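Residue numbers (the working numbering), protein chains in the order written: chain R, 1 to 289; chain Z, 290 to 419. Where is the CB? At the ideal position from N, CA and C, for every residue including glycine. What you are looking at is a predicted structure, and each value in this text was computed from that prediction instead of being measured.
Following this line, the structure appears as C-alpha cells:
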C-alpha cells in the first residue's frame, strides 16, 4: 500500500513561500495498491493529484471524511470527473436528513460552482457510509463516525497486516471520557488501534485548544497521547492551521515532543510525503520524503 | 473490548457534565454509565459498581409504588424504552444504599445514531417530593 500526501493544511489553502516545507493545499491523500486508486478527501490537493494521475487509471474511489469545504473544494478541479473513460466513486458520510448526493449537489451548483453533477460526462457513483466494513480491490476499509461537527467519518485502510488510519479532523478531548486513559470510551480508537501509520488532526497548541473547544480539532499533545494509547507505529500530525508558517509548525513540534519518551515515530505531515506500507512478514514503513 | 460508538461517547460526556442525574445503557440494557448526581441518589458510586446487567439495575434499588408494592422491571420507564424504542416517563420509589426511600421521577429516551442505528437509551431523573 503506497501513500502520498497531496495536502495536509487545515481549513483554507495557504500558498506562499513561508509554507514551502509543509505545503498549503488542504486535505488530500492518495493510497495506491496494485490497480486500486483510493483518495482520502478532496481538498485543494486533489487538483495536483489529478494532474499527475496515471492515464491507465480507469477507476478512482474518493473517500470523503466529511463535507466541510476544505475537504471537498478540489472536487470540481479533479480531471477524472470530466473524463468519460474514468469511473469515479464518491464515498461519504450519511446524514440524518439530506442524502449525500443532495449535499454534494450543493457544491456542484451555482453560485458555488458553475458545473452541475448532472453536467459531468458520467455521473459519479455515490456511496453513503456510516459504520461500515467494505473492500475496494484488495484494500479493506473500515469507517466509523468520529467526534467533529456534522457527520464525520474516520477511515481505516488495511492490506493484509499493513494498516493506515486517517482522522484528519477529530476532537479528542470532547470525544473521550477520561482521555487518554480509556480506549473503549475514546472516539476513533477502533480506526487507529495498532496502525502502522496514523494521520491525525494536530491543529493546535494546548493554549490555542483551550479557547477553541468544540471546534472539532485537537492539540498536538492530545494527538500524541492518542497515538500512544492506540499503539501506532508512526504518527503524522495533520491539518496545520492556515496561518501557521513552516517555522511555527516546527516550533510547535519541537515543543510538543520535548522531554517525551515515545516508542513510535512522530512527524509534522508535509505535502509531498510518501510512505510504503509493506506486509512481508515483518512490517516496514518507509518514509520516502 | 471494542470502543463505544461516538454517539454513546458523546452521550456519556454530556451526562458527565450535568448536575441532574443521568443513566446510560446499551441496546441490551447493560449499564454503561451514571453520573455523580445519580450516584448521590443511589448512594453508590459508578466506579464501585461498574457495568451492570438490566436484571441487576432494575432490581437492586427495589423499585416500588406509593403503596410499597414492588414494580416489575418491565414497568420501569427505562426498561419500557429499551423494549419499545420510545420515550417513557414515570415516578416510583427506590431504596438507596444509604437505606433511604426516595421518590424519583424518570424520563427515558432511546439513543439513535445516523442513520437510524439503535445504540441504547438514556434515563434522566429527578428526586421528587412525596
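**Message:** Could you check whether residue 367 of chain Z and residue 303 of chain Z sit closer than 9 Å to each other, using their CB atoms as the reference points?
**Reply:** Going by beta carbons, residue 303 of chain Z and residue 367 of chain Z fall outside the 9 Å limit.
**Request:** Note down the Cα distance separating residue 44 of chain R from residue 298 of chain Z, rounded to an integer number of angstroms.
**Result:** So the two alpha carbons sit approximately 32 Å from each other.
**Request:** Below 6 Å CB to CB, which residues in the same chain sit around residue 293 of chain Z once its five sequence neighbours on both sides are set aside?
**Result:** Around residue 293 of chain Z, the same chain offers no residue with a beta carbon nearer than 6 Å, after the five sequence neighbours per side are excluded.
**Request:** Could you check the C-alpha separation between residue 115 of chain R and residue 8 of chain R for me, to the nearest Å?
**Result:** Looking at the two C-alpha atoms, the distance is approximately 26 Å.
**Item:** Selection from R:248, R:260, R:154, R:182 that minimises the alpha carbon distance to residue 195 of chain R
**Value:** Answer by Cα proximity: R:154.
**Message:** Tell me which residues share the same chain as residue 271 of chain R and place their Cβ nearer than 8 Å to its Cβ, disregarding the 5 neighbours each side in the sequence.
**Reply:** The beta carbon of residue 271 of chain R sits closer than 8 Å to the beta carbons of 5, 6, 7, 8, 9, 22, 23, 24, 25, 45 from its chain, once the five residues preceding and following it are set aside; these are given in chain order.
**Within chain Z, partners of residue 161 of chain R - CB distance below 9 Å** = Proximity of chain Z to residue 161 of chain R at the Cβ level (cut-off 9 Å) is not reached, the minimal Cβ distance being about 19 Å.
**Prompt:** Taking the C-alpha atoms as reference points, what is the distance between residue 253 of chain R and residue 186 of chain R?
**Reply:** Roughly 24 Å separates the two Cα atoms.
**Message:** Please tell me whether residue 326 of chain Z has its Cβ less than 9 Å away from any Cβ of chain R.
**Reply:** No, residue 326 of chain Z does not count as interfacial toward chain R.
**Request:** Please list, in chain order, all residues of the same chain as residue 152 of chain R whose beta carbon is under 7 Å from its beta carbon, the five residues on each side excluded.
**Result:** Excluding sequence neighbours, residue 152 of chain R sits near 65, 66, 93, 145, 146, 169.
**Asked** Run through DSSP, which three-state label would residue 346 of chain Z get?
**Response** In this structure, residue 346 of chain Z counts as helix in the three-state DSSP scheme.
**Asked** Does any C-beta atom of chain Z lie closer than 9 Å to the C-beta of residue 151 of chain R?
**Response** The Cβ of residue 151 of chain R sits closer than 9 Å to at least one Cβ of chain Z.
**Asked** Taking Cβ-Cβ distances shorter than 7 Å, what residues in chain Z pair up with residue 146 of chain R?
**Response** Residues of chain Z whose Cβ lies closer than 7 Å to the Cβ of residue 146 of chain R are, in chain order, 295.
**Asked** Beta carbon of residue 132 of chain R, beta carbon of residue 123 of chain R: below 9 Å?
**Response** Contact annotation: residue 132 of chain R and residue 123 of chain R have beta-carbon atoms that are not nearer than 9 Å.
**Item:** Alpha carbon of residue 109 of chain R to alpha carbon of residue 72 of chain R, nearest angstrom
**Value:** Each residue's Cα considered, the two are about 13 Å apart.
**Asked** If you draw a straight line from the C-alpha of residue 322 of chain Z to the C-alpha of residue 402 of chain Z, how long is it?
**Response** Here the alpha carbon of residue 322 of chain Z sits roughly 18 Å from the alpha carbon of residue 402 of chain Z.
**Prompt:** Under a three-way DSSP split, which group does residue 215 of chain R fall into?
**Reply:** In the structure shown, residue 215 of chain R sits in coil (DSSP, three-state: anything other than H, G, I, E or B).
**Item:** Status (buried if at least 16 other CB within 10 Å, exposed otherwise) for residue 378 of chain Z
**Value:** Burial state of residue 378 of chain Z is exposed, judged by a 10 Å Cβ sphere holding fewer than 16 other Cβ atoms.
**Prompt:** With distances taken between CB atoms, is the gap from residue 40 of chain R to residue 47 of chain R smaller than 9 Å?
**Reply:** Not closer than 9 Å, so no.
**Asked** Which chain R residues are close to residue 290 of chain Z, counting only those with a beta carbon under 9 Å from its beta carbon?
**Response** Per Cβ cutoff of 9 Å: 183, 184.
**Request:** Could you tell me which chain R residues have their CB closer than 9 Å to the CB of residue 404 of chain Z, listed as they occur along the chain?
**Result:** Against residue 404 of chain Z, the close residues of chain R are 94, 95, 96, 128, 130, in the order they occur along the chain (beta-carbon pairs closer than 9 Å).
**Message:** Measuring CB atoms only, is the region 253-268 of chain R touching the region 217-228 of chain R, in the sense that at least three cross pairs come out at less than 8 Å?
**Reply:** Because the criterion of three Cβ pairs below 8 Å is met, the region 253-268 of chain R and the region 217-228 of chain R touch.
**Prompt:** Where DSSP assigns a beta bridge to residue 92 of chain R, which residues make up the other side?
**Reply:** Answer is R:128, bridged to residue 92 of chain R.
**Message:** Contact criterion: CB-CB distance below 9 Å. Does residue 281 of chain R meet it with respect to chain Z?
**Reply:** Note that residue 281 of chain R has pLDDT 42, beneath the 50 cutoff, so the model's placement of it is unreliable and no number is given.
**Asked** How should residue 306 of chain R be labelled, buried or exposed, when 16 other C-beta atoms within 10 angstroms of its C-beta is the threshold for buried?
**Response** Only positions 1 to 289 of chain R appear in the structure, and residue 306 of chain R is not among them; the question remains open.
**Request:** List the residues of chain Z that residue 174 of chain R touches, going by C-beta distances under 8 Å, in chain order.
**Result:** Ordered by position in chain Z, the residues that pass the 8 Å Cβ test against residue 174 of chain R are 299, 302.
**Item:** Contacts around residue 383 of chain Z, its chain only, beta-carbon distance under 7 Å, and the 5 residues preceding and following it disregarded
**Value:** Taking C-beta separations shorter than 7 Å and ignoring five residues to either side along the sequence, the partners of residue 383 of chain Z in its chain run 350, 351, 352, 391, 393, following chain order.
**Message:** Let's test the definition: count the other Cβ atoms within 10 Å of the Cβ of residue 284 of chain R and tell me whether it reaches 16, buried, or not, exposed.
**Reply:** In this prediction, residue 284 of chain R scores a pLDDT of 48, lower than 50, which makes its location untrustworthy; the coordinate-derived value is nonetheless stated afterwards. Exposed, by the Cβ-count rule.
**Request:** Take the Cβ of residue 274 of chain R as the centre, count every other Cβ of all protein chains shown within 10 Å, and call the residue buried at 16 or more, exposed below.
**Result:** Exposed, since its Cβ has fewer than 16 Cβ neighbours within 10 Å.
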